[in-house]
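Heads up: the structure comes next, in structure tokens.
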Amino acid sequence: MVLRGPGLGDFYSLDGEELVLGSDPFRADIVVRDVEVAPRHASIFREPGSYAYVVRGLSSGEKIVVNDKLLQDSGQRFLRDGDRISLGDSVLEFSQGDPVKAQFHEALNHLINRDYLTGLLAKKRFDEEFEHCLSATTAEGKPLSVLMADIDNLKKINDQHGHLLGEFVVGAVGRIISELHTEGGRLATRFGGDEYQTLLPNLAKEEALTVAKEVRRRVEEYAFMHEGTLANPTLSVGVAAYPEDGATRKALTHAADEALYRAKRAGGNHVSD
4 MVLRGPGLGD FYSLDGEELV LGSDPFRADI VVRDVEVAPR HASIFREPGS
54 YAYVVRGLSS GEKIVVNDKL LQDSGQRFLR DGDRISLGDS VLEFSQGDPV
104 KAQFHEALNH LINRDYLTGL LAKKRFDEEF EHCLSATTAE GKPLSVLMAD
154 IDNLKKINDQ HGHLLGEFVV GAVGRIISEL HTEGGRLATR FGGDEYQTLL
204 PNLAKEEALT VAKEVRRRVE EYAFMHEGTL ANPTLSVGVA AYPEDGATRK
254 ALTHAADEAL YRAKRAGGNH VSD
């Protein structure tokens with residue numbers, strides 16, 4: 004769990020044989036967003052034939068501190084429950100064999116970094132991830148796309164059936180979006196009210212349009228049933244892509260928002276770029 008630094012509250016489960024810690028979201032399993040952390044800085048792995056875990060450096064000259072003790076270049080150390088690993092300005096705590104503490108860490112992470120209604124990333128955390136992913140995309144010359152989506156008829160649903168149903172719809176749409184953002188480093192947030200923003204690393208505009216159309220279709224076809232009342236919201240989506248529509252988070256967000264307005268002006272339940 005991240006105790007200090009960017010990603011505060013992040014909780015990672017060591018399910019595999021080895022996890023790489025680093026600053027590159029395309030090459031690291033545990034992304035430590037810190038300017039002093041190398042793209043592949045260190046790894047934590049399970050000692051073959053045992054349940055013991057080890058932390059080691061992946062290249063010379065990279066600083067790794069465990070409980071205030073500096074590891075030598077490419078050195079390694081067995082980890083014990085409660086050990087703290089420092090990479091740059093970030094501090095991570097290693098926990099083992101304590102399901103109660105694991106549940107606490109997971110609940111804390113959700114409270115800090117997730118939107119209470121949709122389960123999507125909290126806006127502040129999403130913006131941090133956006134900036135970090137854009138930096139990596141720029142450095143490696145890869146594509147990246149951004150979606151802005153908005154529920155077309157939420158006011159009508161609120162007026163006819165009440166705000167509790169409207170709140171249910173906002174949460175359910177967020178979960179539909181989440182289902183399409185579980186791989187490839189894709190991220191999503193509730194931008195505000197009934198508007199959503201998503202980030203699609205490694206996808207050019209044409210590929211992002213395919214994702215946007217699928218999100219729109221799923222919302223249109225989903226039965227939003229809550230306490231015996233059925234709602235039929237639709238979704239409009241705008242698409243923008245790096246670098247042709249902008250090179251900064253602000254510019255890409257603005258371009259995707261303008262595309263969203265074009266989709267709205269086309270009558271809603273539409274995708275535009």
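To get our numbering, take the position in the sequence shown, counting from 1, and add 3. We put the CB at the ideal spot given by N, CA and C, even for glycine.
Cα atoms of glutamate 20 and arginine 30: separation of roughly 16 Å, rounded to the nearest angstrom. Setting aside the 5 residues that flank it on each side, asparagine 116 is surrounded in the same chain by Gly12, Ala125, Arg128, each with a C-beta closer than 6 Å to its C-beta; the list follows chain order. In the assembly as shown, methionine 228 is an exposed residue. Its beta-carbon has fewer than 16 other beta-carbons within 10 Å. Shown here for isoleucine 179: same chain residues with a beta carbon closer than 8 Å to its own, the five before and five after excluded, namely Val218, Arg221, Val222, Tyr225 in chain order. Distance from valine 38 to glycine 91 at the Cβ level is roughly 7 Å; contact confirmed, criterion being Cβ atoms closer than 8 Å. Judged by DSSP secondary structure, threonine 185 falls outside any alpha helix (DSSP H); it is assigned neither H nor E. With a 10 Å radius around the Cβ and a threshold of 16 neighbouring Cβ atoms, phenylalanine 133 comes out buried.
Aspartate 18 and alanine 152 have their C-alpha atoms spaced approximately 34 Å apart. Below 8 Å, enough C-beta pairs join the region 242-252 and the region 133-148 to call them touching: three or more. Within the DSSP bridge table, the entry for alanine 234 names Phe227 as partners.
Ranked by Cα distance from serine 62, the first of Lys72, Ala41, Tyr56 is Ala41.
If you look at aspartate 155, you'll find it isn't in any alpha helix (DSSP H); DSSP assigns it neither H nor E.
Around leucine 147, the same chain offers Thr140, Pro204, Tyr245 as residues with beta carbons nearer than 6 Å, after the five sequence neighbours per side are excluded. Look at arginine 220 here: in three-state DSSP terms it is helix. Listed as beta-bridge partners of serine 46 by DSSP are Val23, Arg59.
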